[in-house]
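Everything on this sheet refers to the single structure shown next.
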């Protein structure tokens, strides 16, 4: 079956290139560094590297505490970090600068992955969350490179998606030394996909170990002083197409009762920044942007955060946070960022990418689920008008965040054991 898969990969590669061209029209970084996607790049001449693959921004953020632990415990080992998306790439450079070597992960073609592994010569491969690439996995086994899936998660939707290729997925997973799963549910799904019970361990979710950026709380407090401490502020973060409009409809509802309320709107992807700003203006809101005015004034009703990697101070400055990708069937994004800052969380019905975390927050009173724009508006309004309830929710969210920490330490013990073999 792997030969048929490889043939299919060769056949779809031109379509992947066309997709890069199309996406590059709206986001120019997709037009850059194409040779790396086929394994062509100039490595700095190292061997025995520790390689971490994190597909995009969310996975890079999840891997941040692990990468920092690897730098601390193995200071002499070169660190290679791969991504697939330009936004993930930008986040790597923002977090780690030149302390890691970044390159795009090549397409899963035999010659591309062989060329890639020959150049980075890893001592250990760490794949973050859900990335099963059969040719890459087989190449690691052939070269004797121990491969570990860390912070492993597998949604019910992903499990169904692998169903037509279950035999191939099972063979690929047999190339993996260890699967460090986020939860018992994820562990069970990996076993259903073909992993052996001995391969799979539950270590928890590394996102609970994410560091709160230095000064985020102080910067948030400073922004609130500038906007007005008593001014109601809520945030719609990591929004996708359709969710900006839902947030703006909700904000109209909020403004009817709280006319000085401010919405912080942060689209998930850079190509949506201008689209979101145009949508705000078309509905007649007074708007400011991060790239333009820098900060909102008293007269602004909506502030568009058209910048990457700046959410934490804005979460800290918010009274309530809606986390996007959940009103549309994307699967949700990281609800722990506002939770870590004691900010009550609202999510839509689609949270299958963060089902365990979201369920825990809701069960412990740190988050609430809303069905649509109208219920988002009423949920935000209720919390903005009820300080005591808002504070209870924020404290509950922060307690869940603190209670579940420690996954990185458990994963590092497994890594240490693999490297000592």
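Numbering (our numbering), first residue to last: 19 to 439. For each residue, glycine too, the CB sits at the ideal point set by N, CA and C.
Query                                                                                                           : Result
N-terminal and C-terminal residue of the beta strand (DSSP E) that residue 253 is part of                       : 251 to 257
Validate contact between the segment 174 to 193 and the segment 146 to 164 using beta carbons, cut 8 Å, 3 pairs : yes
Three-state secondary structure (DSSP) of residue 24                                                            : helix
When 160, 143, 182, 179 are compared against residue 167, the one with the closest alpha-carbon                 : 143
Completely contained beta strand (DSSP E) runs for the segment 147 to 202, where each covers 3 or more residues : 165 to 170, 196 to 199
Contact belief for residue 80 with residue 224 at Cβ below 8 Å, rounded distance in angstroms                   : 5 Å
CB of residue 316 within 8 Å of CB of residue 258, strictly                                                     : no
CA nearest to the CA of residue 2, picked from 102, 297, 85, 253                                                : Since the first and last residues shown for the chain are 19 and 439, residue 2 lies out of range.
Status (buried if at least 16 other CB within 10 Å, exposed otherwise) for residue 337                          : buried
Residue environment, residue 110, which counts as buried when at least 16 other CB atoms sit within 10 Å        : buried
Own chain residues within Cβ distance below 6 Å of residue 164, not counting five before or after               : 142, 195, 436
C-beta contact flag for residue 306 and residue 284 at 8 Å                                                      : no
Contact set for residue 321: own chain, Cβ-Cβ below 8 Å, skip 5 residues either direction                       : 280, 281, 282, 283, 305, 306, 307, 308, 313, 314
Minimum length 4: unbroken alpha helix (DSSP H) runs contained in the segment 340 to 411                        : 354 to 358, 373 to 381, 391 to 403
Of the residues 371, 395, 270, 343, the one placed nearest residue 204, counting alpha carbons only             : 371
Counterpart residues of residue 101 in DSSP-defined beta bridges                                                : 122
The beta strand (DSSP E) enclosing residue 269, as first and last residue numbers                               : First-last for residue 269: 261 to 275, but that is the alpha helix (DSSP H), not the beta strand (DSSP E).
For residue 145, the three-state DSSP class (helix, strand or coil)                                             : strand
Reduced DSSP category for residue 67 - H, G, I as helix; E, B as strand; rest coil                              : strand
Selection from 24, 59, 26, 349 that minimises the alpha carbon distance to residue 171                          : 349
Cα-Cα separation, residue 389 to residue 366                                                                    : 6 Å
Buried/exposed call for residue 202, threshold 16 Cβ in 10 Å                                                    : exposed
Nearest neighbour of residue 54, chosen from 250, 126, 92 [CA to CA]                                            : 126
Beta bridge counterpart(s) of residue 220 as assigned by DSSP                                                   : 199
As assigned by DSSP and simplified to three states, the class of residue 321                                    : strand
Cβ neighbours of residue 432 in the same chain (closer than 8 Å, five flanking residues each side left out)     : 166, 196, 198, 219, 221
Nearest candidate by alpha-carbon position, reference residue 439, set 227, 162, 61, 137                        : 162
Through-space distance from residue 174 to residue 386, alpha-carbon basis                                      : 22 Å
CA-to-CA distance, residue 160 to residue 241, given in whole angstroms                                         : 54 Å
Simplified DSSP assignment, three categories, for residue 280                                                   : strand
Spatially closest choice to residue 310 from 303, 324, 298, by CA coordinates                                   : 324
Between the CA atoms of residue 330 and residue 342 - distance to the nearest angstrom                          : 15 Å
N- and C-terminal bounds of the beta strand (DSSP E) containing residue 305                                     : 305 to 307
Separation of residue 363 from residue 130, as counted between CA atoms                                         : 43 Å
Residue 327 versus 25, 33, 74, 150, residue with shortest Cα-Cα distance                                        : 74
Residue from 274, 226, 249 whose Cα sits closest to the Cα of residue 424                                       : 226
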